[in-house]
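Worksheet for the structure shown next.
Protein chains: 2
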Amino acid sequence: MQITSRFTIAVHIITCIHCFQDDYKVTSNFIAGSTGVNPVIIRGVLSQLKAAGLIHVRQGASGITLAKPLEEITFFDVYEAVDSVKDEGLFHFHENPNPDCPVGKNIHFALDRRLAQVQTAMEQELRQIRLSDVAADVQAKIEAEKK
Amino acid sequence: MQITSRFTIAVHIITCIHCFQDDYKVTSNFIAGSTGVNPVIIRGVLSQLKAAGLIHVRQGASGITLAKPLEEITFFDVYEAVDSVKDEGLFHFHENPNPDCPVGKNIHFALDRRLAQVQTAMEQELRQIRLSDVAADVQAKIEAEKK
DNA sequence: TTACTTGTAATGTGTTATATTACAACCATA
DNA sequence: TATGGTTGTAATATAACACATTACAAGTAA
């Protein structure tokens, strides 16, 4: 089971805003064109990124902009904004272990801590990666192709 | 989006086999009772665990047993056996970034490496945890309750 | 006022996880 | 060897979910 494409879409969106906000009016349709994703989906992700304080969007007014410098946005910020499993946890536990079985009764106790440990390791790695890293790579590639 | 319950089911199964293989004939129905999961699903997971060389199952013959000491089975072994994203990767990438857009054209190049890095961090943590750790906790709880 | 944009509800479609029924293949033992 | 129990698996149902799409209200800027 994979992590939703909303995450890569969101990273793509932020990179787009960064690269184009000075030269174009960045709109949901513009982004839909770059990502190949339906504009309504894009607007949904934009709302989540806005709620997380990462971008500025205003109803009616075109021109989406960044709310923070790229160096201050990590993969974790984006992940948390669009694909968070805060309520549920990364791992889906089978719902009905048998409380009358010694193993079924105690399996949650034995597992929960360790599942959380794995989730934390993943989230820590997400925190290491900044959106500025991604944008730098994209722009380096663009420059390289100009020649 | 979460990791399938097949993973926690599989860990539960292995713990069950370990705890009960000396005293009971462990069957798919027995495990279904402990996990609260349908026997057919259990048999599917059992097949995957068998294919991964973690357990012994023989058609017709009851009595499922472990193929390795618990100390030599990690969360990663189980994860790989039942819920692997080997072909796809942990992150689902949006399918149609626009090759005519400078960002759309290069977003894969800029992201793939980092997504793999996050996936690797998670898998490394899975490798740190042994099934014997889980079984020890379960059995300690059982002992504690006897008193 | 007009043209454009965001926000969002409603609906459709395809995919996937799990449950369930049914049955063939197989094994162990009386 | 006949029988009862077990695994393997196909077929089907159901629910949840991701994403696409249409439609339109609400808002903005010229």
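Listed in order, the protein sequences are those of chains S and Y. Okay, so the first sequence: first residue is 1213 according to this note's numbering, each after it adds one. Okay, so the second sequence: first residue is 1213 according to this note's numbering, each after it adds one. The beta carbon of each residue, even a glycine, is placed where N, CA and C say it ideally should be. No experiment lies behind these values; they were computed from the predicted model shown.
- Within the stretch 1279-1308 of chain Y, contact with chain S at the beta-carbon level (separation under 8 Å) is assigned to F1287, D1295, V1297, E1300, G1301, L1302, F1303, H1304, F1305, H1306, E1307 and N1308.
- Using a CB distance cut-off of 7 Å, S1344/S does not count as an interface residue toward chain Y.
- Listed as beta-bridge partners of L1278/S by DSSP are I1267/S.
- Y1236/Y sits exposed, since fewer than 16 C-beta atoms from the chains shown fall within 10 Å of its C-beta.
- A1328/Y has a beta carbon lying at 7 Å or more from every beta carbon in chain S.
- Between I1285/S and H1304/S, the alpha-carbon positions lie close to 28 Å from each other.
- With a beta-carbon spacing of about 6 Å, L1266/S and A1293/S fall inside the 8 Å limit used to define contacts.
- In its own chain, leaving out the 5 sequence neighbours on each side, no residue places its CB closer than 7 Å to the CB of E1357/S.
- Judged by DSSP in its simplified three-state form, I1319/S adopts helix.
- Shown in chain order are the members of the stretch 1231-1244 of chain S whose Cβ falls below 7 Å from a Cβ of chain Y: C1231.
- T1227/S has a beta carbon lying within less than 7 Å of a beta carbon in chain Y.
- In this structure, DSSP gives I1215/Y an extended state, which the three-state scheme calls strand.
- Nearest in C-alpha terms to I1221/Y, of all of A1279/Y, L1282/Y and I1253/Y, is I1253/Y.
- Each of R1342/S, A1347/S and Q1329/S was checked against the Cα of R1339/Y, and the nearest Cα belongs to Q1329/S.
- Non-local beta-carbon contacts of T1216/Y in its own chain, meaning distances under 6 Å to residues more than five positions away in sequence, involve D1295 in chain order.
- Under the Cβ distance rule, P1311/Y does not count among the residues neighbouring chain S, no pair being separated by less than 7 Å.
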